[in-house]
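Engineer:
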Amino acid sequence: MSLAKDSLKDTEWQFGSELTTEQVWDAFVIVSLLEDKLRMRQQLRVPHTGLQKDRFREAMAARNKDIVLNGQPDAVGHACDKCFRKYKTASGEIRSCHPIVGDGLNIGRPCCAVFACREPLQNNRHRYCKTHFDQHKVCAIVQCAKPVTEDSKTCSDPMHKEFERKNKEKGASNFILKERFRNTNASQPVDTLGTQQIDQVEDVEETTIEWFEVDEITNTVRVRSQANPGTVGTSDEDPSSPPDPCPSKSALGNRVEKAQFSRRRTHNEQTLVRPCGIIFARATMFGAEAVSNFLVMVQNAFSVPGVNKPEHIFYDSNCLARQQAEKSFPWFEGIGMCVNVWHFLNKHQTTHTYCQENCNPIQFPELLDDFGKWFFNTSVAEQINAWLQGYHSIVREMLPDKFDFFLDEMVRRRNIAHLKKLAEGGHNPRVI
Numbered sequence: 001m002s003l004a005k006d007s008l009k010d011t012e013w014q015f016g017s018e019l020t021t022e023q024v025w026d027a028f029v030i031v032s033l034l035e036d037k038l039r040m041r042q043q044l045r046v047p048h049t050g051l052q053k054d055r056f057r058e059a060m061a062a063r064n065k066d067i068v069l070n071g072q073p074d075a076v077g078h079a080c081d082k083c084f085r086k087y088k089t090a091s092g093e094i095r096s097c098h099p100i101v102g103d104g105l106n107i108g109r110p111c112c113a114v115f116a117c118r119e120p121l122q123n124n125r126h127r128y129c130k131t132h133f134d135q136h137k138v139c140a141i142v143q144c145a146k147p148v149t150e151d152s153k154t155c156s157d158p159m160h161k162e163f164e165r166k167n168k169e170k171g172a173s174n175f176i177l178k179e180r181f182r183n184t185n186a187s188q189p190v191d192t193l194g195t196q197q198i199d200q201v202e203d204v205e206e207t208t209i210e211w212f213e214v215d216e217i218t219n220t221v222r223v224r225s226q227a228n229p230g231t232v233g234t235s236d237e238d239p240s241s242p243p244d245p246c247p248s249k250s251a252l253g254n255r256v257e258k259a260q261f262s263r264r265r266t267h268n269e270q271t272l273v274r275p276c277g278i279i280f281a282r283a284t285m286f287g288a289e290a291v292s293n294f295l296v297m298v299q300n301a302f303s304v305p306g307v308n309k310p311e312h313i314f315y316d317s318n319c320l321a322r323q324q325a326e327k328s329f330p331w332f333e334g335i336g337m338c339v340n341v342w343h344f345l346n347k348h349q350t351t352h353t354y355c356q357e358n359c360n361p362i363q364f365p366e367l368l369d370d371f372g373k374w375f376f377n378t379s380v381a382e383q384i385n386a387w388l389q390g391y392h393s394i395v396r397e398m399l400p401d402k403f404d405f406f407l408d409e410m411v412r413r414r415n416i417a418h419l420k421k422l423a424e425g426g427h428n429p430r431v432i
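For the record, in the sequence shown the residue sitting at position 397 is 397 according to the UniProt record's numbering, with numbers rising by one throughout.
1) Exposed or buried, which one is residue 435 when buried takes at least 16 other CB atoms within 10 Å?
2) According to DSSP, simplified to helix, strand and coil, what is C276?
3) Contact defined as beta carbons within less than 8 Å: I believe N385 pairs with D103. What is the distance between those atoms, to the nearest angstrom?
4) What would DSSP say about T271, mapped onto helix, strand or coil?
5) Give me the residue from G277, C359, Q299, D401 with the minimum Cα distance to P429.
6) By Cβ distance below 6 Å, which residues in the same chain neighbour F314 in space, the five residues on each side in sequence not counted?
7) Any idea which residues DSSP pairs T353 with across the strands?
8) Opposite A259 in the DSSP bridges: which residues?
9) Determine the burial state of E397: buried for a count of at least 16 other Cβ atoms within 10 Å of its Cβ, exposed for fewer.
10) Per the contact definition of three or more C-beta pairs closer than 8 Å, is the stretch 326–338 in contact with the stretch 295–303?
11) For the candidate residues T351, P361, K420, A281, whose alpha-carbon lies nearest to that of H312?
12) What's the gap between the Cα of H132 and the Cα of V114?
13) Is the separation between the beta-carbon of K161 and that of V223 shorter than 9 Å?
14) Considering only their Cβ atoms, is the gap separating L419 from D74 smaller than 9 Å?
15) So, at 6 Å on beta carbons, what are the nonlocal neighbours of V221 in its own chain, with the 5 sequence-adjacent residues on each side left out?
16) Going straight from the alpha carbon of M410 to that of R55, what length do you get?
17) Taking only runs that begin and end inside the stretch 74–132, name each unbroken beta strand (DSSP E) of 3 or more residues, in chain order.
18) Here's a check: name, in chain order, each residue in its chain whose Cβ is nearer than 8 Å to the Cβ of S91, leaving out the five neighbours to either side.
19) Between which two residues does the beta strand (DSSP E) carrying F314 extend?
20) Please name the residue, chosen from H78, L368, M40, that lies closest to V307 on a Cα-to-Cα basis.
21) Of the choices G336, C80, K373, whose alpha-carbon is the least far from that of G426?
22) Straight-line CA distance for V148 to V68?
23) Is G50 buried or exposed, if buried means 16 or more other CB atoms sit within 10 Å of its CB?
24) So for F364, helix, strand or coil by DSSP?
25) For the ligand GTP, I want to know if A321 counts as a neighbour, meaning its beta carbon is within less than 8 Å of at least one of the ligand's heavy atoms.
26) Is R45 helix, strand or coil when you go by DSSP?
27) Name, in chain order, the residues that DSSP records as bridge partners for W374.
28) Go ahead and pull the three-state DSSP assignment for F302.
29) C155 lies in the alpha helix (DSSP H); which residues open and close that run?
30) Would E237 be called buried (16 or more neighbouring beta carbons within 10 Å of its own) or exposed?
31) Residues bridged to V221 by DSSP?
32) From H392 to I107, what distance separates their C-alpha atoms?
33) Taking Cβ to Cβ, would you say F28 is nearer than 9 Å to F406?
34) Helix, strand or coil for N415? Go by DSSP, reduced to three states.
35) If you check the beta carbons only, do A290 and Q72 fall under 9 Å apart?
36) For D404, which option in P110, W342, L320 has the closest C-alpha, if you only look at C-alpha atoms?
So, in structure tokens, the structure goes:
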């Protein structure tokens, strides 16, 4: 029996002729899990009952945990002639150098609006997790603890009501549409595997930093915003509070207030990449890319079975990270930590004494080949992150299990393809 495409429309039959995003996602998950179990010589076991969207959740969570505990299967022991070299020291000793490159990119997922809370949201439309769910009933203005009024995110304070009105007004304006267009230029089409829909205005609000200025004389309110400052590593002077993009007083002397009308998003994704382009690890930064978080990520990533410490770490904020490591992270003793050449020349001040004395790559002769040229590609993480950025619109509405599973699987598949490319290029990929 054959059916015309249109013959299934407007029927009560559960099957149709058009492919849905849910079916694409299910196929992706099933194939990925089956391949993973085949590699480990295990069977995939999932429930035969319950909702289809929940059947693979436990299997996905187990796979995510395995990646954290054991690393990316094709990256843990990887070495090749582009990321590993042996060299002779001035004393004639033969040593090896197998560095790693770290960088962050601004893609994130919805998370609890309490700063640095890691508990997942129960639903991607919520602002708070289960533990902090009662915060939905508290005024959205920061430092106001009054209860909200009915069908509102603010309390009965007239000024707070005006903040909320201005927030909604901004969301309905052409300005937000232009801002959204700029922010999605590098993304994939909106109709993606993130099948739960969300207000597109909120999506833009979450990717900008917003505050309200109150004119003390006229008592009028203006909405101000700026782009997310990015993923540059920050110091750990006050790790308990989020970065403050605006002062308590504006340049005009107006009072400044902040609010949490929309969801918070995770701050960024951090990647560790071998100079040859093999992606070694990735991790989610929640509140900010504090250098201590980066150091913890590196230590955890290189503590999985079968991997050795890197001899060198390239990171844009190594001038901060190295100082933090010297104080609190003995694990990093003996590891070279410098900034890549371009960032050192263009982004780091010549007046920063510690940086100039400790993070200049020219201090490490193992980074140069026999002809005095740089042996390793230290910009590789930025190149990889440009590739990962293309999945932004796919993952932006995913909750943790789906988000981690999708990104880890795309990394795995890219590593497999890249290993083949390295072999074809004569770079001798191998396991050490």
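Note that beta-carbon positions come from the ideal geometry of N, C-alpha and C, so glycine has one too. In this text, all values refer to a predicted model and were calculated from it rather than measured experimentally.
Structural biologist: In terms of the structure at hand:
1) Absent from the model: residue 435. The displayed extent of the chain is 1 to 432, so no value can be given.
2) coil
3) 6 Å
4) strand
5) G277
6) Cβ-Cβ distances below 6 Å link F314 to V101, N340, T378 in the same chain, with the five nearest sequence neighbours on each side left out; the list follows chain order.
7) The partner list for T353 (beta bridge, DSSP) is empty, contrary to what the question assumes.
8) Per DSSP, I141.
9) By the 16-neighbour rule on beta-carbons within 10 angstroms, E397 is buried.
10) yes
11) It is P361.
12) 8 Å
13) no
14) yes
15) E162, K166, F212, V214
16) 21 Å
17) 85–88, 94–97, 100–105
18) Setting aside the 5 residues that flank it on each side, S91 has no residue in the same chain whose C-beta is closer than 8 Å to its C-beta.
19) 312–315
20) H78
21) C80
22) 40 Å
23) By the neighbour-count rule (16 or more Cβ atoms within 10 Å), G50 is not buried but exposed.
24) coil
25) Summarising the ligand content, the structure contains no ligands, and the ligand GTP is consequently not present.
26) coil
27) L368
28) coil
29) First-last for C155: undefined, no H or E at that position.
30) Residue placement at E237 is poorly supported in this model, since its pLDDT is 47, which falls under 50; the coordinates still yield a value, given next. It counts as exposed.
31) V214
32) 6 Å
33) yes
34) When secondary structure is reduced to three states using DSSP, N415 falls in the helix class.
35) No, the Cβ-Cβ distance between A290 and Q72 is not below 9 Å.
36) P110
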